[in-house]
Amino acid sequence: MHQIPHEGDHRRDPLGTADGPADAVGSVSPTAGGTGTADRPQADDVSPACPPPLSWREVIAAVDRQAERFTVPRRSGGTGRIRGVVLGSGPTIFMSGGFSGDVGLFALTAWVLREQYRCVLWEYADDCDGSRSADSGVPSGIWQYADDLLTVAEHFRSEPMLAYGVSFGALVTTAALTRSPGAFRHVVLVAPAAEYALTRRERWLLRRAVRRRFPLARLPFWRHLQSRMHGLFFPPFDHSRLWYLAANLGRTPIGVAARRMLIAAGTDLSDALAELRANDRLRLCVIAPEGEAPGIRRRREHFERLLQQHRLQERLQVEFMHTSGVYPHLTHPHRLRKLLEAFMGGRNDAAAEATTGANSP
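Have a look at this one:
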């Protein structure tokens with residue numbers, strides 16, 4: 042049975058390849074049951090060599106049992122609540138997701154980090170009715186999302202704190218930093234952007250989609266598109282993790298994803314990035330993953346140029362991650378762990394090993 046390392050012990054957690062349909066295992070849900078006190082899977086001795094790819098089903102089930110649920114009131118008041126799960130102990134890492142999907146996408150990385158870090162996986166306070174009223178609990182702009190992240194950070198305050206954001210989550214994290222530059226000491230971003238440019242037709246289509254309630258998975262050729270975009274970066278001998286990604290992303294209502302895209306299109310943080318200079322201890326890491334689409338690459342490179350224009354280049358490091366795709370927390374959690382540990386500890390040699398994929402799946 043395949044296994045992943047259990048730090049601080051000579052034994053390992055069993056994480057073998059699983060069979061069956063991707064929807065057979067429940068996702069890590071902030072509203073699901075669980076006490077956070079379940080025992081770990083039994084362990085067996087293995088070699089300390091390169092850990093094999095995670096059996097995501099067993100890991101997600103273990104995270105679902107062991108993670109503690111939390112609910113935090115939003116700053117804006119009303120009926121809105123921020124929900125999420127927390128796993129592990131140590132310095133706190135806040136993980137912010139993309140335009141679609143839920144916290145289950147971070148479960149594998151949270152699992153391999155749990156012995157060294159406290160991972161806070163939080164959900165956006167969204168609904169899918171298109172409402173923008175103050176009492177609806179729906180963030181009406183990027184600053185409301187940023188305030189939600191800062192609210193969660195205040196709830197779990199510790200030193201030092203790290204933020205990890207992906208696509209829309211990278212935008213939310215960046216906005217939170219411009220509003221409160223001292224909130225985080227280390228920030229890791231995948232697919233960051235200071236602004237999103239959409240055509241008039243794209244905006245028109247998104248406005249029509251905002252009030253739609255059906256899930257993204259009902260769009261034509263959904264699984265085929267996910268396979269074409271992300272399939273190369275998952276373990277070739279087990280496609281079930283790829284189908285888990287497709288199913289997880291596909292559960293998001295199209296109205297929620299459309300609203301987030303419109304909010305991103307209405308955001309421009311180009312000038313606000315100058316506020317980051319106020320935190321002398323801030324360190325930024327931008328992951329440039331193999332497999333990023335041309336549009337994602339252009340926005341990332343523009344983001345990096347803006348940081349240089351604001352004289353932040355000495356606080357920025359850009360790491361190329363080989364064969365990872367834009368979901369490294371799901372495709373290669375061990376390598377992402379190495380990168381995060383090296384970035385937090387300032388060990389560039391370990392970061393190089395993590396990003397090139399040397400001795401790691």
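Counting from 42, one number per residue, gives the positions in the sequence shown under the numbering used here.
Backbone N, C-alpha and C fix where the C-beta goes; we use that ideal spot for every residue, glycine too.
Since the structure is predicted, the reported quantities are computational estimates derived from the model, not experimental observations.
Under the DSSP assignment, S137 falls outside any alpha helix (DSSP H), being part of the beta strand (DSSP E) whose first and last residues are 133 to 137. Every alpha helix (DSSP H) of 4 residues or more that sits fully in the segment 249 to 308 is shown, in chain order, as 263 to 271, 281 to 291, 295 to 306. In this structure, V229 is the residue among V229, W245, E243, A211 with its C-alpha nearest to the C-alpha of M202. If you look at Q358, you'll find it in the beta strand (DSSP E) that goes 357 to 362.
Three or more beta-carbon pairs drawn from the segment 363 to 375 and the segment 268 to 286 are found closer than 8 Å, and the two stretches are therefore classed as touching. A residue is called buried once 16 or more other Cβ atoms fall within 10 Å of its Cβ, and G223, having fewer, is exposed. Between D309 and E236, the CB-CB gap stays under 9 Å. Annotation for A102: the continuous alpha helix (DSSP H) segment containing it runs 97 to 107. Between L325 and H351, the CB-CB gap reaches or exceeds 9 Å. Shown here, E243 sits in a helix according to DSSP, grouped into three states. In this chain, the beta strand (DSSP E) harbouring V327 covers 324 to 330. Under the DSSP assignment, G386 falls outside any beta strand (DSSP E), being part of the alpha helix (DSSP H) whose first and last residues are 374 to 386. For A299, the CB contacts under 7 Å within the same chain, skipping 5 residues up- and downstream, are L247, A250, V251 in chain order. The continuous stretches of alpha helix (DSSP H) do not include H227, which lies in the beta strand (DSSP E) extending over residues 227 to 231. Pairing S199 with S221, the inter-Cα distance amounts to about 16 Å. In chain order, L128, G129 place their CB closer than 6 Å to the CB of R155, counting only its own chain and leaving out the 5 sequence neighbours on each side. A residue is called buried when at least 16 other Cβ atoms come within 10 angstroms of its Cβ; F361 does not meet this threshold and is exposed. Rounded to whole angstroms, the separation of the alpha carbons of A287 and T215 is 26 Å. Here A258 is near G291, since their CB atoms are less than 9 Å apart. For the options S268, F209, P71, P374, the alpha carbon positioned closest to that of G307 is the one of F209.
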